[in-house]
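The opening position of the sequence shown corresponds to residue 1 in the UniProt record's numbering, with each subsequent residue numbered one higher.
Glycine included, every Cβ here is placed at the ideal spot set by N, Cα and C.
The structure under discussion appears below in the form of structure tokens.
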Amino acid sequence: MTTQLRPLARSEWDRWFGRLELAFGGVAQDPEERRLWEELTEPDRSIGVWDGDECVGTAGSFGFRLAVPGGGHVPAAGVTMVSVAATHRRRGILTSMMRSQLDGLRGRGEPLAVLTASEPEIYGRFGYGTATHQLTVEIDSSRVRVAVPPGAEDVRLRFVPPGDGAAACERIYRATTGSRPGAPARSPGWERLPLLDPPSGREGGSPLLCVLAERAGEAVGYVRFHNRPHWTAEGPAGSVLVRDVEAAEPAVYAALWRFLCGIDLTTSVRSRNRPVDDPLLHLVSDVRRCGVRVRDSLHLRPVEVGAALGARTYQVPLDVVLDVEDAFCPWNAGRWRLTGGPGGAACVRTGDAPDLALSVRELGAAYLGGVSLVSLAGAGRVRELRGGALGAASLAFGSAVAPWLPHGF
Ligand SMILES: CC(=O)SCCNC(=O)CCNC(=O)[C@H](O)C(C)(C)COP(=O)(O)OP(=O)(O)OC[C@H]1O[C@@H](n2cnc3c(N)ncnc32)[C@H](O)[C@@H]1OP(=O)(O)O
């Protein structure tokens, strides 16, 4: 088999994306959703692998700016649309695309690459570590009550058409979530993503519904959701499927969840993607009846270790020498001295004795402050070579706010 890997031409997009859809089961996306992905695709960051005139491999990346601990935004490739035709699998095509992509990102000077994995087992071999997790909840709203702190008395909730509320929702989203580590800054076009409403995404429920929370006429929170009616012999048992919910203040946030859990004719409220430190966990009367589950979300790979570690800040001052292993991107391998604190950081080559030994994958996992070096060391994946170095570095790498990826890409 001879295949050719080359950059994507805009005119090839339809065939290329069709092959991606085929690798994901062959169900074509809704036309509106497809159109958005076509517009967001950056062909010069996308590659196809061709066997003659047949596309057998796809991969792309978005040019994101990712929020990191400290509030800065760092250039990051949002790796996406990865697939290999079932007829050509396990012959190294993914590996060749990862090789080409990471070399290209290095050439662009982008210090980070991030992705969400269809299966978490795929990307560790290429140096990606699981950097964020997400909660899914399924609340038994017939039993669970939501406590609302003072301040919600004068909050008005009202239904608005999602399109009419979009600008207010986007403003609130940017204020509440834009600088949370793990969130990509939304560049033009991406604000359309939360408004996509293909029938296939409704799970048998209503078209997208939007409720705005307002105080003195100003929007201070919102929720977008689907309502799926269901009737049993015992009576109504509908469910609410939350797409996104944000609020500028705790009382408004609680009021929105109280609203969701109190919608007539429904007995459950589901949300697939909330941060692991979501205040919801402290608002509910019975967390055991909230069906809380945790899963991996954003996987992160430092493309350039020095630039990546120097681009975020650290909770407390640190000075540590890291001995990094990186078989797939050997330019990162070896010793790095990382110095920094809450005001900034630098990470440079050194010949000094190492304090910690780890692979680039662990650095990726710890980078956003959501996975502790201590915990990775407990799994034997970080080795402490100087007493005290592990605890100190682990504390410094942490983040007061759990990192979170608010939406897929
Ligand atoms: C960011 C995203 O877009 S995630 C979406 C990923 N795409 C999909 O899941 C769509 C369906 N799956 C596919 O298209 C393909 O199976 C891919 C892309 C996952 C793998 O492509 P392939 O060309 O078969 O991978 P390749 O041959 O390069 O495999 C490299 C190594 O990864 C391993 N590997 C590949 N896929 C998987 C998997 N799904 N689970 C576990 N291991 C895997 C291979 O066994 C191989 O291991 P080895 O080096 O020890 O022999």
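{"query": "Contacting residues, own chain, Cβ-Cβ under 7 Å from residue 411 (five flanking each side not counted)", "result": "Lying outside 1 to 409, the shown extent of the chain, residue 411 is not represented and no answer is given."}
{"query": "Cβ-Cβ separation, SER239 to SER206 (assumed contact under 8 Å), whole Å", "result": "That belief does not hold up - the Cβ atoms of SER206 and SER239 are roughly 11 Å apart, past 8 Å."}
{"query": "Contacting residues, own chain, Cβ-Cβ under 8 Å from ARG106 (five flanking each side not counted)", "result": "VAL303, GLU304, CYS329, TRP331"}
{"query": "Reduced DSSP category for GLY107 - H, G, I as helix; E, B as strand; rest coil", "result": "helix"}
{"query": "Among VAL320, ALA353, GLU54, nearest to ALA392 - alpha-carbon criterion", "result": "VAL320"}
{"query": "9 Å Cβ cutoff met for LEU212 and HIS226", "result": "no"}
{"query": "Runs of alpha helix (DSSP H) wholly within the segment 269-355 (minimum 4 residues, chain order)", "result": "280-283, 305-310"}
{"query": "Proximity below 9 Å, CB of ALA166 to CB of GLU191", "result": "yes"}
{"query": "Closest residue to ARG186 among LEU195, SER200, GLU170 (Cα-Cα distance)", "result": "GLU170"}
{"query": "Proximity test, THR267 beta-carbon vs ligand 1 heavy atom, cut-off 8 Å", "result": "no"}
{"query": "Any non-hydrogen atom of ligand 1 within 8 Å of ALA183 CB", "result": "no"}
{"query": "Exposed unless 16 or more other CB atoms sit within 10 angstroms - verdict on ALA396", "result": "buried"}
{"query": "Bounding residues of the alpha helix (DSSP H) (the contiguous stretch that carries THR2)", "result": "Where THR2 is concerned, there is no enclosing alpha helix (DSSP H), given that its DSSP letter is neither H nor E."}
{"query": "Closest residue to GLY71 among THR177, SER100, ALA366 (Cα-Cα distance)", "result": "THR177"}
{"query": "DSSP bridge partner residues for GLN134 (one or two, in chain order)", "result": "ARG295"}
{"query": "The segment 143-156 contacting the segment 278-293, beta-carbon criterion three pairs below 8 Å", "result": "yes"}
{"query": "GLY57: CB within 8 Å of a non-hydrogen atom of ligand 1", "result": "yes"}
{"query": "C-beta atoms of PRO120 and PRO403 nearer than 9 Å", "result": "no"}
{"query": "Alpha carbon of SER375 to alpha carbon of PHE126, nearest angstrom", "result": "21 Å"}
{"query": "Cα-Cα separation, MET381 to ASP53", "result": "Rather than Met, the amino acid found at residue 381 in this sequence is Arg. If I take the Cα positions, the gap works out to 44 Å."}
{"query": "Which residues DSSP lists as bridging ARG90, in chain order", "result": "Answer by DSSP bridge pairing: none, since ARG90 is not bridged."}
{"query": "Proximity test, GLY71 beta-carbon vs ligand 1 heavy atom, cut-off 8 Å", "result": "no"}
{"query": "Closest residue to ASP44 among ARG6, LEU20, PRO75, LEU36 (Cα-Cα distance)", "result": "ARG6"}
{"query": "Distance cut-off 8 Å: ILE47 Cβ against heavy atoms of ligand 1", "result": "no"}
{"query": "Every unbroken alpha helix (DSSP H) inside the segment 154-205 [4 residues or more]", "result": "162-177"}
{"query": "The segment 341-357 contacting the segment 97-106, beta-carbon criterion three pairs below 8 Å", "result": "no"}
{"query": "Near ligand 1: PHE17 beta-carbon under 8 Å from a heavy atom", "result": "no"}
{"query": "One or two residues paired with TRP13 in a DSSP bridge", "result": "None, per the DSSP bridge assignment."}
{"query": "Range covered by the alpha helix (DSSP H) that runs through TRP404", "result": "Note, TRP404: premise wrong, no alpha helix (DSSP H); not H, not E."}
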